Amino acid sequence: MELFRALAVLVEPPDRPGVARVAEALGLGELPEASAYTDLFVFQLYPYASVYVGAEGMLGGEARDRVAGFLAALGRDVPAEPDHLALLLGAYAGLAEAEGASPGGRRESLRRARRALLWEHLLSWLPVYLDKVERVAPHFYRRWAEMLRAALDAEAETLGAPETLPLHLREAPAVADPREAAPEEFLKSLLAPARSGLVLVRDDLARAAREIGTGVRAGERLFALRSLMGQDAAGTLSWLAREADAWHALHRQRRAAHGAVAGWWAERAASTARLLRALSVDDAAQDSEDAGRGRREGA
Numbered sequence: 022m023e024l025f026r027a028l029a030v031l032v033e034p035p036d037r038p039g040v041a042r043v044a045e046a047l048g049l050g051e052l053p054e055a056s057a058y059t060d061l062f063v064f065q066l067y068p069y070a071s072v073y074v075g076a077e078g079m080l081g082g083e084a085r086d087r088v089a090g091f092l093a094a095l096g097r098d099v100p101a102e103p104d105h106l107a108l109l110l111g112a113y114a115g116l117a118e119a120e121g122a123s124p125g126g127r128r129e130s131l132r133r134a135r136r137a138l139l140w141e142h143l144l145s146w147l148p149v150y151l152d153k154v155e156r157v158a159p160h161f162y163r164r165w166a167e168m169l170r171a172a173l174d175a176e177a178e179t180l181g182a183p184e185t186l187p188l189h190l191r192e193a194p195a196v197a198d199p200r201e202a203a204p205e206e207f208l209k210s211l212l213a214p215a216r217s218g219l220v221l222v223r224d225d226l227a228r229a230a231r232e233i234g235t236g237v238r239a240g241e242r243l244f245a246l247r248s249l250m251g252q253d254a255a256g257t258l259s260w261l262a263r264e265a266d267a268w269h270a271l272h273r274q275r276r277a278a279h280g281a282v283a284g285w286w287a288e289r290a291a292s293t294a295r296l297l298r299a300l301s302v303d304d305a306a307q308d309s310e311d312a313g314r315g316r317r318e319g320a
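My numbering puts the first residue of the sequence shown at 22, with every later residue one more than the last.
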């Protein structure tokens with residue numbers, strides 16, 4: 022379990038004491054610049070469970086409360102940010118070590134707790150998170166992600182999957198349909214991974230602007246997505262549908278390792294893709310109707 026503790030250390034800024042020593046011990050090579058750490062963990066991919074399994078797609082909320090409740094039930098002090106990845110990995114390592122050092126009945130109880138922490142609060146979101154890290158991070162953090170993924174997969178195989186999905190996923194609503202809900206709620210739900218099945222970071226929205234041929238405004242993701250929709254709604258919806266298709270394929274690749282959890286993420290992304298395509302068709306039809314009306318009025 023020392024591997025989990027070591028990998029947790031690397032979620033901290035590279036200039037913190039001990040980080041370089043851990044990176045060297047794991048054979049990950051030279052530490053990146055602090056700016057690379059900041060871009061990844063502060064601006065692009067926040068290392069907090071609540072962002073990825075919460076209905077709001079933001080820090081805190083009910084998802085964080087669930088993690089806090091789990092830690093409290095274990096008799097642990099609950100810190101201000103209980104869903105931070107480093108803390109969760111440390112808690113998992115601690116449970117595994119306590120299990121190994123405990124007698125029969127106590128050991129079985131700790132093993133159940135360890136399994137619950139793995140599937141409810143780590144595997145419910147980390148594979149998705151690591152997929153994105155491996156695509157946007159510098160080489161050092163891509164290797165970190167690969168090592169953490171392998172360690173998690175080994176634990177999943179050892180402990181086996183539970184019969185029910187994590188509560189985070191069972192409780193997550195789908196993307197809001199803008200034909201039935203406010204447009205702003207639709208955009209916010211697209212940016213909440215557990216609702217859309219996608220992880221969209223700032224770099225993705227800049228790429229979307231390049232591929233669609235629009236401008237992109239600097240700022241928060243919601244602001245940027247709103248801007249893209251205002252410039253070319255049909256093009257943006259089609260681009261998002263293709264992203265959802267790509268995520269569907271990624272989630273399916275994990276089904277052998279993560280079973281129903283990966284299947285849930287795959288279906289969530291597929292459902293989002295279907296909605297986005299329907300909306301894109303509707304928007305294109307509306308544009309065509311508006312253009313025809315304009316020609317008739319100008320005749």
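From the three backbone atoms N, C-alpha and C, an ideal C-beta is built for every residue, glycine too. None of these values were measured; they are calculated from a predicted model.
Item to check | Given Asp86 as reference, the closest of Ala262, Lys153, His189 once Cα atoms are compared | outcome: Comparing Cα-Cα distances from Asp86 to each of Ala262, Lys153, His189, the minimum goes to His189.
Checklist entry - Tell me which same chain residues have a C-beta within less than 7 Å of the C-beta of Val72, skipping the five on either side of it? => result Cβ neighbours of Val72 beyond the five flanking positions: Gly78, Met79, Leu80.
Next on the checklist: In the DSSP output, which residue or residues are listed as bridge partners for Tyr69?
Outcome noted: In DSSP, Tyr69 forms a bridge with His105.
Next on the checklist: Restricting to Cα atoms, I'd like to know which of Ala255, Trp285, Ala290, Gln274 is closest to Val302.
Outcome noted: Among Ala255, Trp285, Ala290, Gln274, the Cα nearest to that of Val302 is on Ala255.
Next on the checklist: Our contact map puts Leu109 next to His160 with C-beta atoms below 8 Å; I'd like the distance itself, whole angstroms only.
Outcome noted: Not a contact, Cβ separation roughly 25 Å.
Checklist entry - Is Leu296 helix, strand or coil when you go by DSSP? => result If DSSP states are grouped into helix, strand and coil, Leu296 belongs with the helices.
Item to check | Assigned secondary structure, Glu167 (DSSP; H/G/I helix, E/B strand, else coil) | outcome: For Glu167, the three-state secondary structure derived from DSSP is helix.
Next on the checklist: Rounding to the nearest angstrom, what Cα-Cα distance links Pro35 and Ala299 in this structure?
Outcome noted: If I take the Cα positions, the gap works out to 45 Å.
Checklist entry - Using a Cβ-Cβ cut-off of 6 Å (strictly less than) and excluding sequence neighbours within five positions of Asp266, which residues of its own chain qualify? => result Taken in chain order, the residues that qualify are Ala294.
Next on the checklist: Whole angstroms are fine: how far does the CA of Leu258 sit from the CA of Gly240?
Outcome noted: Those two C-alpha atoms are separated by around 20 Å.
Next on the checklist: I'd like to check one pair, Pro214 with Val220: are the Cβ atoms closer than 8 Å?
Outcome noted: In this structure, Val220 sits near Pro214, with a CB-CB distance shorter than 8 Å.
Checklist entry - Using the C-alpha atoms, what's the distance from Leu52 back to Glu102? => result Glu102 and Leu52 have their C-alpha atoms roughly 25 Å apart.
Checklist entry - Where does Ser210 fall in DSSP's three states? => result In this structure, DSSP gives Ser210 a helical state, which the three-state scheme calls helix.
Checklist entry - How many angstroms separate the CA atom of Leu144 from the CA atom of Pro100? => result In this structure, the alpha-carbon of Leu144 lies about 21 Å from that of Pro100.
Checklist entry - Among the residues of its own chain, which have a CB less than 8 Å from the CB of Ala312, if the five just before and after it don't count? => result A caution first: Ala312 carries a pLDDT of 48, below 50, which makes its placement in the model unreliable, though a value can still be read off. Within the same chain, Ala312 has no close Cβ partners at all.
Item to check | Alpha carbon of Arg200 to alpha carbon of Leu211, nearest angstrom | outcome: Across the structure, Arg200 and Leu211 are spaced so that their CA atoms are roughly 15 Å apart.
Checklist entry - Can you tell me the Cα-Cα spacing of Leu226 and Arg242, whole angstroms? => result Using only the alpha carbons, I get a separation of about 7 Å.
Checklist entry - Which residue from Ala107, Glu232, Arg247, Arg238 puts its Cα closest to that of Ala203? => result Measuring from the Cα of Ala203, the nearest candidate turns out to be Arg247.
Item to check | the stretch 171–190 contacting the stretch 36–47, beta-carbon criterion three pairs below 8 Å | outcome: Short answer: they don't touch.
Item to check | Three-state secondary structure assigned by DSSP to Leu61 | outcome: DSSP places Leu61 within a helical segment (H, G or I) once states are collapsed to three.
Checklist entry - Anyone know if the C-beta pair for Gly218 and Trp260 falls short of 8 Å? => result Contact flag unset, no.
Checklist entry - So Met22 is in the alpha helix (DSSP H); what residue range does that whole segment cover? => result No alpha helix (DSSP H) contains Met22, which DSSP labels as neither H nor E.
Checklist entry - Under the rule that 16 or more other beta-carbon atoms within 10 Å means buried, what is Pro124, buried or exposed? => result By the neighbour-count rule (16 or more Cβ atoms within 10 Å), Pro124 is not buried but exposed.
Checklist entry - Count the other CB atoms within 10 Å of the CB of Pro194; is the residue buried (16 or more) or exposed (fewer)? => result Result: exposed.
Item to check | Ala41 versus Ala55: straight-line alpha-carbon distance, rounded | outcome: Taking the Cα positions, Ala41 is about 12 Å away from Ala55.
Next on the checklist: Using 8 Å for Cβ pairs, my map puts Arg279 next to Ala172. What's the rounded Cβ distance?
Outcome noted: The residue you asked about is not Arg; residue 279 is His in the sequence shown. Contact annotation, His279 with Ala172: C-beta distance approximately 14 Å; criterion of less than 8 Å not satisfied.
Item to check | Proximity winner among Trp165, Arg128, Leu66, Ala175, relative to Met22 (alpha-carbon distances) | outcome: Residue Ala175 is the option with its Cα nearest to Met22.
Checklist entry - How is the alpha helix (DSSP H) around Arg136 delimited, first residue to last? => result That run of the alpha helix (DSSP H) goes 125–137.
Item to check | Ser292 versus Leu169, Gly251, Arg216, residue with shortest Cα-Cα distance | outcome: Put simply, of Leu169, Gly251, Arg216 the residue whose alpha carbon is nearest the alpha carbon of Ser292 is Arg216.
Next on the checklist: Tell me the residue span of the alpha helix (DSSP H) that contains Pro148.
Outcome noted: First-last of the alpha helix (DSSP H) with Pro148: 147–157.
Checklist entry - For Trp146 versus Val63, is the C-beta spacing smaller than 8 Å? => result Cβ atoms of Trp146 and Val63: not closer than 8 Å.
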